[in-house]
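For our numbering, count along the sequence shown from 1 and bump the result up by 78.
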Amino acid sequence: MEALTNGGFESGQTGWTGTTGPITNNTGRPARTGSYKLWLGGNGTAGSENESQTFAVPSTATSPTLT
């Protein structure tokens, strides 16, 4: 089961909330694989950026692991 939506950022901002801009397909610094990447602090200015997702761990999970 995939806990995160679009965990590799390949669908751009889909599934993520936070600062607009850090998830980008800018080719100036290409993604390791695919087109999109998360690039925090990539604009060269001081500031605060964040991205997050909310997910639920089932109450029946006896030993959940997030990797």
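Where is the CB? At the ideal position from N, CA and C, for every residue including glycine. The structure presented is a predicted model; accordingly, all values stated were derived computationally and were not measured.
Backbone CA spacing between residue i and residue j [nearest angstrom]
i: Gly112; j: Thr95; result: 21 Å
i: Leu82; j: Thr123; result: 29 Å
i: Gln131; j: Ser141; result: 21 Å
i: Gly23; j: Gly125; result: Because the chain in this structure spans residues 79 to 145, residue 23 falls outside the shown range and cannot be described.
i: Thr138; j: Leu144; result: 16 Å
Proximity below 7 Å, CB of residue i to CB of residue j
i: Thr102; j: Asn128; result: no
i: Thr92; j: Asn104; result: no
i: Pro136; j: Leu116; result: no
Beta-carbon contacts of residue i that lie in its chain and below 7 Å, excluding the five residues immediately before and after
i: Gly119; result: Glu127
Beta-carbon contacts of residue i that lie in its chain and below 8 Å, excluding the five residues immediately before and after
i: Glu88; result: Gly112, Ser113, Tyr114
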